[in-house]
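If you use mature numbering (1 follows the signal peptide of the UniProt record, and there is no 0), the sequence shown corresponds to residues -20 to -1, 1 to 227, in order.
A virtual CB, placed ideally from N, CA and C, is assigned to each residue, including glycine.
Scroll down for the structure; my scribbles are underneath it.
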Amino acid sequence: MSKRKSLVAMLPAAAVAAGAGTAALNADLKLPPVMSAAHAQMNPCGPANPCAPVNPCAPAAAADEPEEKGEYTATAETPADNPFDVPAGYTQAAYGDSMPGVVKNYLRAAPYVGTGGVVSDNGYAIAKALGFNTVISLNTPEEGSDKERERANAAGLNFVNVPVSERAPTSDQVEKIAEIINDPANYPILMHCQSSNRVGAAWALYRASVGIPKKIAVQEGRNVGLKPSREWKVREILGMDPLPKQG
């Protein structure tokens, strides 16, 4: 029989006892055999480390961020940035179902701007009752703008006459219209002419003047009454290609 002693026999008794204790601990933790053997050398940052209640290598938790607020924190006192700034909370222009027989071809160009053609005799009083504050008339004195002023003032409305006698408003007229539309103190606004064609031209030029792309500005003008009879002039002013000829 070989006189060589086994490795186990050569180990000190204390080491054997320690090994037995480790085995018992592994058994209590129900670790698989492979994990038991490598337990002392395993990565302390590993997710399976049973001894680390919190991963010591994980990044620190970010501090609680304040609740994200929306783009607007609007109140009635918030000044409107433009006639589409609904969250500003001003009274909006009436919808079409409230205006039958009051304003010809009535539409809403924007939440704070109603548009249309000729206004009926009692139309200004009705407009005031519906919450309108300001009237912009593009009609000329020959078309009765002086009488319109009398009726509007009698109804308690602010009245501004910007008489458009050409195919489209001039640059000075567009500037004046923009000044009125961009002032929330005038909301809601009713802008009208006879049929809404001039209104459509004015709206297109106004929108282009505040940076709206020309094609979109013209389309918005069409939506509120701009017709080819005036659109060609609007396109010329904006430096756009002329309308294609109809076949």
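With a cutoff of 8 Å on beta-carbon distance, glycine 97 and leucine 87 are scored as not near each other. If you look at asparagine 141, you'll find it in the beta strand (DSSP E) that goes 138 to 141. With a cutoff of 8 Å on beta-carbon distance, isoleucine 160 and threonine 114 are scored as near each other. For serine 125, the enclosing alpha helix (DSSP H) covers residues 125 to 134. Per DSSP, the unbroken beta strand (DSSP E) holding alanine 90 starts and ends at 87 to 90. Beyond the five residues adjoining it in sequence on each side, proline 149 comes within less than 8 Å, by CB distance, of Leu118, Val142, Ile157, Arg178, Ala181, Ala182 and Leu185 in the same chain, given in chain order. Only residues of its own chain outside the window of five on either side were considered, and among them Gln174 have a CB closer than 7 Å to the CB of glutamate 123, listed in chain order. Distance between alanine 68 and alanine 90, taken at the CA atoms: about 13 Å. Secondary structure note for valine 115: its beta strand (DSSP E) is the uninterrupted segment 114 to 117.
For the pair aspartate 221 and alanine 197, the Cα-to-Cα distance works out to about 14 Å. The Cβ-Cβ distance between arginine 147 and lysine 207 does not fall below 8 Å. Under DSSP, the beta-bridge partners assigned to glycine 96 are His172. Membership of arginine 147 in any alpha helix (DSSP H) is not indicated, and neither H nor E is assigned to it by DSSP. Contact annotation, valine 99 with glutamate 128: C-beta distance approximately 7 Å; criterion of less than 8 Å satisfied. Counting every other CB atom within 10 Å of its CB across the protein chains shown gives leucine 137 a total of 16 or more, marking it as buried.
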